[in-house]
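Visitor: A single structure is presented below for examination.
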Amino acid sequence: MDTYYWDLAARQFASKATEAEQRELQQWRAAQPANETQYQQQKQLWEKTAPPISGVVNIDAAWQQVSAKLQLQLATEPLPVAKVIPLYSYAMRIAASVLVLLGLGWFTYTYFFSGPAMQVVKSGKKRLEVLLPDSSRVWLNEGSTLTYAATFSAAERLVQLEGEGFFKVRRNPRQPFIVKTGLATTKVLGTSFNLRAYKADRAVELTVATGKVAFTSERGAEAIVTPGYGVVLEKQNNRLTKGRVADENAWAWQSGRLRFAGQPLSEVLPALEHYYGVSLRLSDKNLANCRFTGTFDHAPLDEVLQVLEATLQVRYTKPAAQVYQLQGPGCLNR
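Note that UniProt numbering has the sequence shown beginning at 1, numbered continuously upward.
Right under this line is the structure:
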């Protein structure tokens, strides 16, 4: 039996399997008759060995399980009651009972005394919303991974992020919410914030929407961040910079809304690049001074570029895949 499905079966036997795990196990059992046979065999073994532990171990049943797993080719003809059992057979049956007890001890520890199982969520090429055990919510951007315990400890709510996520944390002063990214730790009591920590990026970026966030690098640099502010931790030199965030476009990937209020293209284009995953270039450096005001709500990129054309007297071309260039007379620096 595949160790993965044995793990699912063991969680089910211990009444710890989630609904999703039970559905997955049921699909595996129904896929092939051999799978159902293996499942029933393991269920019988579990029922014979699960706590509370009986004072008597069925050595014959244990030996049959161990023999099958080791694929030993022994005669299956039943022995007469009065027949002497060869020493090597008796010894191996004793060994089987020891293996069963050792295995029982391991599974008992794993499923009854060890820490809660870890959940790993990978967004892949899409954006996901994750509901955590404490009812906090996390929106994962593409290419992100979130790891957390199925049940948080009483002392803290610890999660690990690789990639980008927008967190809306349920307030609980007695149980801090902690996000680890490898190079930094973000600690909150109840707030909403955006955290970007892709491996390929040169920096870790935090932007706070509501509440107060404590941000600490692995080398001890600290910053308390409030709404409207953000921090950037440069990976190469561990430099931590705190500054005001002009708008909410930092988490536009989660909200679907891009909003600009008289901002120059030098600020507009990076936000568009981040949201749409493209490269936007200017044919004239004076175009960077042109200011734009407008709001886009889940708008396709072509629509956004057409609006820029109409309002700024520019035109765009597409010289390469995922690359766009804006051309026009530009604007004076104001």
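All C-beta atoms in this analysis are idealised placements derived from N, C-alpha and C, irrespective of residue type, glycine included.
1. Spatial neighbours of Ala261 within its chain, please: CB distance less than 7 Å, with the 5 preceding and 5 following residues excluded, ordered by chain position.
2. Please report how far the alpha carbon of Glu19 lies from the alpha carbon of Ser255, in whole angstroms.
3. Mind checking Ala320: buried by the 16 CB within 10 Å criterion, or exposed?
4. In this structure, how does DSSP classify Ala221 when only helix, strand and coil are distinguished?
5. Can you pull the DSSP bridge partners for Gly165?
6. Taking 8 Å as the limit between beta carbons, can you name the residues of its chain near Gln313, skipping five residues before and five after?
7. Express the C-alpha separation of Asn333 and Arg137 in angstroms, rounding to a whole number.
8. May I ask you to report which of helix, strand or coil DSSP gives Lys126?
9. Any chance the stretch 171-190 sits against the stretch 212-229, with 3 or more Cβ pairs inside 8 Å?
10. Indicate whether the contact test is met: 3 or more Cβ pairs, each with one atom in the stretch 153-160 and one in the stretch 201-212, closer than 8 Å.
11. Distance check for Pro133 and Ala34, CA to CA, integer angstroms please.
12. Do Tyr198 and Glu164 have their C-beta atoms within less than 9 Å of each other?
13. Flag this pair as yes or no: are the beta carbons of Arg244 and His298 separated by less than 9 Å?
14. Got a sec, what are the start and stop residues for the beta strand (DSSP E) Val208 sits in?
15. Check the DSSP bridge columns for Glu234 and list the partner residues they point to.
16. Going by DSSP, which residues form a beta bridge with Gly294?
17. Can you tell me where the beta strand (DSSP E) holding Ala184 begins and where it ends?
18. For Ala325, write down the residues that DSSP places opposite it in a beta bridge.
19. Let me check understanding here. Comparing Cα to Cα, which of Tyr5, Lys16 and Glu21 lies closest to Tyr39?
20. Apart from the five residues just before and just after Leu301, which ones in its own chain have a Cβ nearer than 6 Å to its Cβ?
21. Could you pull out every residue in the same chain whose Cβ sits closer than 8 Å to the Cβ of Ser279, ignoring the five residues on either side in sequence?
Guide: In short, the structure shows the following:
1. Thr293
2. 30 Å
3. exposed
4. coil
5. Leu140 and Leu195
6. Gly328 and Pro329
7. 42 Å
8. coil
9. yes
10. no
11. 36 Å
12. yes
13. no
14. Ala203 to Thr210
15. Ala203
16. Phe260
17. Ala184 to Val188
18. A small fix is needed here, since residue 325 is Gln in this sequence, not Ala. In DSSP, Gln325 forms a bridge with Arg281 and Thr317.
19. Tyr5
20. Tyr276
21. Glu273, Gln322, Val323 and Tyr324
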